[in-house]
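Q: Those letters in the sequence shown? Residues 17 to 335, per my numbering, in order. Glycine included, every Cβ here is placed at the ideal spot set by N, Cα and C. Predicted, not measured: the structure shown is a model, and the values here were computed from it.
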Amino acid sequence: MKNNKLEYDSVEGRVIRAESGRFLVDDGTHVVPCSLRGKIKKERKRRVRNVVVGDRVVIHLTGSDPNPESEGVIESVCTRDTMLSRASSGGGKREQVLMANLEQVFIVMATREPDFNPGLLDRFLVGCAHQDLETVICLNKCDLADSMEYLPMTAPYREADYTILQASAETGEGLAELKSALIGRISLFLGPSGAGKSSLLRKIQPGLEIATMSVSDTTGKGRHTTSYTELHGLDAGGYIADSPGVREFGLWGIEERDLDTCFPEFREYLRQCRYPDCTHSHEPDCAIKAAVEESALNGKRYTSYLRILESIREGKLGF
Ligand SMILES: Nc1nc2c(ncn2[C@@H]2O[C@H](COP(=O)(O)OP(=O)(O)O)[C@@H](O)[C@H]2O)c(=O)[nH]1
Ligand SMILES: [Mg+2]
Ligand SMILES: [Zn+2]
17 MKNNKLEYDS
27 VEGRVIRAES
37 GRFLVDDGTH
47 VVPCSLRGKI
57 KKERKRRVRN
67 VVVGDRVVIH
77 LTGSDPNPES
87 EGVIESVCTR
97 DTMLSRASSG
107 GGKREQVLMA
117 NLEQVFIVMA
127 TREPDFNPGL
137 LDRFLVGCAH
147 QDLETVICLN
157 KCDLADSMEY
167 LPMTAPYREA
177 DYTILQASAE
187 TGEGLAELKS
197 ALIGRISLFL
207 GPSGAGKSSL
217 LRKIQPGLEI
227 ATMSVSDTTG
237 KGRHTTSYTE
247 LHGLDAGGYI
257 ADSPGVREFG
267 LWGIEERDLD
277 TCFPEFREYL
287 RQCRYPDCTH
297 SHEPDCAIKA
307 AVEESALNGK
317 RYTSYLRILE
327 SIREGKLGF
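(1) Per DSSP, which one or two residues make a beta bridge with residue 35?
(2) Does the beta carbon of residue 160 fall short of 7 angstroms from some heavy atom of ligand 1?
(3) Go to residue 298, then tell me how far its alpha helix (DSSP H) extends in each direction, as first and last residue.
(4) Which value, in whole angstroms, describes the spacing of the CA atoms of residue 302 and residue 172?
(5) Report buried or exposed for residue 208, applying the criterion of at least 16 other Cβ atoms within 10 angstroms of its Cβ.
(6) Within 10 angstroms of its Cβ, does residue 83 collect 16 or more other Cβ (buried), or is it exposed?
(7) To which residues of the same chain is residue 193 closer than 7 angstroms at the C-beta, ignoring the five residues directly before and after it?
(8) To the nearest angstrom, how far is it from the Cα of residue 112 to the Cα of residue 204?
(9) Per DSSP, what kind of secondary structure is residue 127 in: helix, strand or coil?
(10) Leaving out five residues before and five after residue 210 in sequence, what residues of the same chain have Cβ atoms less than 8 angstroms from its Cβ?
(11) Does residue 214 pass the burial test, meaning 16 or more other C-beta atoms within 10 Å, or should it be called exposed?
(12) Where residue 42 and residue 289 are concerned, what is the direct C-alpha to C-alpha distance, given to the nearest angstrom?
(13) Given a cut-off of 8 angstroms, decide if residue 120 and residue 149 are closer than it, judged by their beta-carbon atoms.
(14) Is there at least one non-hydrogen atom of ligand 1 closer than 7 angstroms to the beta-carbon of residue 213?
(15) Who are the near neighbours of residue 179 in its chain, counting only those whose CB is closer than 6 angstroms to its CB and skipping five residues on each side?
(16) Does the beta-carbon of residue 294 have 16 or more other beta-carbons within 10 angstroms, so that it is buried, or is it exposed?
(17) Looking at residue 272 and residue 313, is the spacing between their C-beta atoms short of 8 angstroms?
(18) Taking a cut-off of 5 angstroms, which residues have a beta-carbon closer than that to any heavy atom of ligand 3, in chain order?
(19) For residue 154, which residues of its own chain have a beta-carbon under 7 angstroms away from its beta-carbon, when the five flanking residues on both sides are left out?
(20) Does the beta carbon of residue 276 fall short of 7 angstroms from some heavy atom of ligand 2?
(21) Just grab the DSSP bridge partners of residue 255 for me.
(22) If you drop the 5 nearest sequence neighbours on each side, which residues of the same chain put their C-beta closer than 6 angstroms to that of residue 227?
(23) Assign residue 272 to one of three DSSP states: helix, strand, or coil.
(24) In chain order, what residues of the same chain lie with their CB nearer than 8 angstroms to the CB of residue 234, ignoring the 5 residues before and after it?
(25) Quick one: using the 10 Å Cβ neighbour count with 16 as the cut-off for buried, is residue 230 buried or exposed?
(26) Using CA coordinates, which residue listed in 29, 104, 116 is at the minimum distance from residue 88?
(27) Go to residue 170, then tell me how far its alpha helix (DSSP H) extends in each direction, as first and last residue.
(28) Using the C-alpha atoms, what's the distance from residue 92 back to residue 170?
(29) Considering only residues of the same chain and omitting the five flanking positions on each side of residue 247, which have a CB-CB separation below 6 angstroms?
(30) Would you mind listing the alpha helix (DSSP H) stretches within the segment 65 to 92 that are 4+ residues and don't spill past its ends, in chain order?
(31) Across which residues does DSSP place residue 51 in a beta bridge pair?
(32) With a Cβ-Cβ cutoff of 8 angstroms, do residue 324 and residue 286 count as a contact?
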């Protein structure tokens with residue numbers, strides 16, 4: 017009996033929810049409500065280590081027989097393969113890790129309600145590119161506008177070779193494609209509040225809302241809107257994280273000289289500038305500027321580049 021207990025004392029799992037010091041860890045068979053071990057908590061205060069959604073952790077089961085998995089303590093956190101960070105809002109002095117161990121990001125933007133915001137989209141794209149994350153642009157609410165209106169919105173991104181998926185949680189357009197892109201992978205839905213992230217998820221996996229609520233029940237809090245990032249297992253395999261609306265996306269840890277490579281369509285021109293450390297703003301004989309003048313590169317994307325460059329120079333990362 018004692019030996020048996022030892023065998024299931026410590027298990028590995030994945031954090032599927034992290035909210036003010038309380039965590040839900042999925043160990044493959046159970047979802048275990050967990051707290052943090054004291055030592056990790058101290059490190060967390062010093063911001064050495066934050067436990068976030070997607071982290072793989074070792075937990076010690078502390079529930080009592082016959083339900084040891086009714087509670088647990090996070091003992092250690094495994095090294096992350098990937099993560100997505102942004103600068104904390106309100107000054108941007110701190111790194112906020114939104115998620116760990118993600119494989120791809122779906123940036124969900126609406127055609128309308130809220131209005132398509134290319135400046136915000138560009139910041140999301142730069143943040144993901146800087147952290148070497150694959151991205152797909154998911155243009156939702158295609159039922160609210162006609163293609164004459166929304167195709168030009170995504171044209172610069174199509175030209176830059178981004179994968180773009182047109183969708184509507186309302187009519188079901190694009191959902192089969194979206195679903196197949198999610199199977200077997202760990203993905204994050206990122207985008208402004210109201211773009212339709214939660215609606216798309218509910219359509220992709222009917223019953224998800226119920227699952228969400230029953231998980232909430234284990235901590236006694238029933239919630240209907242997304243107020244924290246939460247990871248959902250998909251029946252077809254894979255995990256998808258729904259994030260709360262991100263109104264601003266402060267870039268974290270990105271240097272002036274790294275920015276140009278985060279615009280994939282710029283890359284083929286980069287070695288043609290006169291100065292190898294060209295920032296493509298004021299320098300003479302700049303291949304990027306020349307390409308913009310010849311309309312080989314999109315002017316709006318270039319303006320976005322300049323704006324982000326300026327914000328890095330001014331150290332204003334938190335917006
Ligand atoms: N017309 C239309 N409305 C949508 C679509 N997707 C979501 N909505 C609506 O937009 C609102 C915000 O959706 P929600 O999924 O909560 O957005 P989230 O904040 O990104 O999770 C809700 O009222 C949805 O019913 C869509 O494709 N078309
Ligand atoms: Mg939502
Ligand atoms: Zn240049």
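A: Taking the geometry as given:
(1) Partner(s): 38.
(2) At least one heavy atom of ligand 1 is nearer than 7 angstroms to the Cβ of residue 160, so yes.
(3) Segment: none, residue 298 is in no alpha helix (DSSP H) and carries neither H nor E.
(4) Distance between the alpha carbons of residue 302 and residue 172: 21 angstroms.
(5) Under this definition residue 208 is a buried residue.
(6) It counts as exposed.
(7) Correct list, in chain order: 181.
(8) Rounded to whole angstroms, the gap between the alpha carbons of residue 112 and residue 204 is 15 angstroms.
(9) Here residue 127 sits in coil by DSSP.
(10) Cβ neighbours of residue 210 within its own chain (closer than 8 angstroms, five residues either side excluded): 126, 129, 130, 261.
(11) It counts as buried.
(12) Distance between the alpha carbons of residue 42 and residue 289: 50 angstroms.
(13) Yes.
(14) Yes, Cβ of residue 213 sits closer than 7 angstroms to a heavy atom of ligand 1.
(15) 152, listed in sequence order.
(16) Buried, by the Cβ-count rule.
(17) Their beta carbons are not under 8 angstroms apart, which means residue 313 does not touch residue 272 by this criterion.
(18) Having a Cβ closer than 5 angstroms to some heavy atom of ligand 3 are 289, 294, 296, 302, 304.
(19) Closer than 7 angstroms at the Cβ level, and outside the excluded window around residue 154, lie 122, 123, 124, 181, 183, 194.
(20) Not so, every heavy atom of ligand 2 lies at least 7 angstroms from the Cβ.
(21) 202, 249, per the DSSP bridge assignment.
(22) With a pLDDT of 40 at residue 227, under the threshold of 50, the predicted position of this residue should be treated as unreliable, though the coordinate-derived value follows. No residues qualify anywhere along the chain.
(23) Correct three-state label for residue 272: helix.
(24) With a pLDDT of only 43 at residue 234, under the threshold of 50, the placement of this residue in the model should not be trusted; the figure read from the coordinates follows. Cβ within range, chain order: 40, 47, 49.
(25) Since pLDDT at residue 230 reaches only 38, below the 50 mark, its modelled position is unreliable, and the value read off the structure follows with that caveat. Exposed: under 16 other Cβ atoms inside 10 Å.
(26) Nearest of 29, 104, 116 to residue 88, Cα basis: 29.
(27) Residue 170 -> alpha helix (DSSP H) spans 163 to 175.
(28) Each residue's CA atom was taken as its position, placing residue 170 and residue 92 some 43 angstroms apart.
(29) For residue 247, where only same-chain residues beyond five positions count, the Cβ hits under 6 angstroms are 32, 69, 255, 257.
(30) Listed in chain order, the alpha helix (DSSP H) runs fully inside the segment 65 to 92 amount to none, counting runs of at least 4 residues.
(31) Under DSSP, residue 51 forms a beta bridge with 89.
(32) Contact: no.
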